[in-house]
Amino acid sequence: MGELGVERQVVIMMTDMVHYSNISGEMRPAEIFAFLSRYHTNICNILSEECFQPVGIEPTGGDGSIMLFERAEGEELSDICTRALLAAMRLARAIGEGDLVPTRMGLMLGSIVEEELAGRIIKCGTCFAVANRLEELSGYFGVNFLMDREISRYQKGFDDLVVNVAKVSLTSVPHPLNLFTVYTPGNLLIPEGVDMERLKYFIRKKNAAMEFFSGNQLEGILPDFPRVREELIEAQAIFEEITGTEDMSTARILEYIREMPRPAMSF
Numbered sequence: 002m003g004e005l006g007v008e009r010q011v012v013i014m015m016t017d018m019v020h021y022s023n024i025s026g027e028m029r030p031a032e033i034f035a036f037l038s039r040y041h042t043n044i045c046n047i048l049s050e051e052c053f054q055p056v057g058i059e060p061t062g063g064d065g066s067i068m069l070f071e072r073a074e075g076e077e078l079s080d081i082c083t084r085a086l087l088a089a090m091r092l093a094r095a096i097g098e099g100d101l102v103p104t105r106m107g108l109m110l111g112s113i114v115e116e117e118l119a120g121r122i123i124k125c126g127t128c129f130a131v132a133n134r135l136e137e138l139s140g141y142f143g144v145n146f147l148m149d150r151e152i153s154r155y156q157k158g159f160d161d162l163v164v165n166v167a168k169v170s171l172t173s174v175p176h177p178l179n180l181f182t183v184y185t186p187g188n189l190l191i192p193e194g195v196d197m198e199r200l201k202y203f204i205r206k207k208n209a210a211m212e213f214f215s216g217n218q219l220e221g222i223l224p225d226f227p228r229v230r231e232e233l234i235e236a237q238a239i240f241e242e243i244t245g246t247e248d249m250s251t252a253r254i255l256e257y258i259r260e261m262p263r264p265a266m267s268f
């Protein structure tokens with residue numbers, strides 16, 4: 002816990018079990034408690050390795066949890082972003098190996114403050130709401146986790162595996178957000194023995210197309226949906242070739258473009 006009343010920069014990870022209500026629907030209260038206790042203990046055990054520390058893990062509302070990644074002494078911003086990303090990737094691997102029930106994750110770099118209220122310490126910051134929404138959207142886009150642009154930019158070691166998933170507008174944020182994830186073998190529908198060069202080629206192809214979906218004012222790139230559609234269809238074919246199935250996040254963008262052939266004025 003940080004000093005009360007002092008604003009500090011952290012990475013928030015929000016997690017939530019997939020289909021929790023279906024899994025627990027027939028359980029008695031004592032059974033639910035035992036099930037959730039095993040679930041949260043499992044997450045804590047998976048992330049107990051030194052490379053993820055320090056991390057604060059706080060179960061919330063049954064199957065959900067909040068994780069706080071803060072700077073240790075001497076750490077830079079890139080260190081906590083990399084540490085949080087490594088934790089998300091480790092949990093995703095555990096899901097792929099069947100060691101953790103499917104769980105959605107949302108990661109956000111932001112500022113928080115802790116204060117005492119009614120005898121309890123509460124954490125405040127808009128990044129909680131954003132991370133929670135990213136966690137929800139990860140299911141829609143068919144990925145284990147989503148992170149904001151800042152984490153994708155500051156992390157170290159995974160530049161060639163970072164995937165540009167989408168650009169979305171959230172009511173809790175005054176500007177559109179670009180969302181990212183990481184594709185690795187054994188994660189999602191990507192087989193362990195996948196051709197890494199072909200996977201990285203797919204990622205480069207998809208990311209290049211997504212630049213024209215999101216636009217980039219700094220580089221003078223305007224949204225060009227017809228071009229995005231053409232390039233994403235090519236990227237999807239590559240993904241199907243190397244995995245035997247379609248990439249859900251690519252399919253979602255193609256679906257959006259079919260319904261909205263041109264970007265809206267506010268896009």
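Counting from 2, one number per residue, gives the positions in the sequence shown under our numbering. C-beta atoms are modelled at their ideal positions from N, C-alpha and C, and glycine is treated no differently. Quick caveat, the model's predicted, so the values are computed rather than measured.
Taking 7 Å as the cut-off, decide whether the C-beta atoms of Ala85 and Leu101 are in contact.
-> no
What did DSSP end up calling Asp149 once you bin it into helix, strand or coil?
-> strand
Since Cys125 is in the beta strand (DSSP E), which residue starts that stretch and which ends it?
-> Looking at the DSSP string, the run of the beta strand (DSSP E) that includes Cys125 is Arg121 to Cys125.
Just tell me which of Asn46, Val114 and Leu135 has its CA closest to the CA of Glu8.
-> Val114
Please go through the region 8-74 and give each complete beta strand (DSSP E) segment of 3 or more residues, from N-terminal end onward.
-> 9-18, 56-61 and 65-70, all fully within the region 8-74.
Apply the 10 Å Cβ neighbour rule to Asp64 and answer buried if 16 or more other Cβ atoms are within range, or exposed otherwise.
-> buried
How long is the line joining the alpha carbons of Cys125 and Glu116, rounded to whole angstroms?
-> 8 Å
Which one of Arg228, Gly158, Glu241 and Phe159 has the shortest CA to CA distance from Ser195?
-> For the record, residue 195 in the displayed sequence is Val; it is not Ser. Answer by Cα proximity: Glu241.
Go to Ile204, then tell me how far its beta strand (DSSP E) extends in each direction, as first and last residue.
-> From DSSP, Ile204 is part of no beta strand (DSSP E) but of the alpha helix (DSSP H) over Met197 to Ser215.
Enclosing alpha helix (DSSP H) for Arg105 [first to last residue] | Where Arg105 is concerned, there is no enclosing alpha helix (DSSP H), although the beta strand (DSSP E) it sits in stretches over Thr104 to Leu118.
Does DSSP classify Ile258 as helix, strand or coil?
-> helix
Assumed close pair Leu200, Ile243 - CB separation to whole angstroms, cut-off 8 Å | 6 Å
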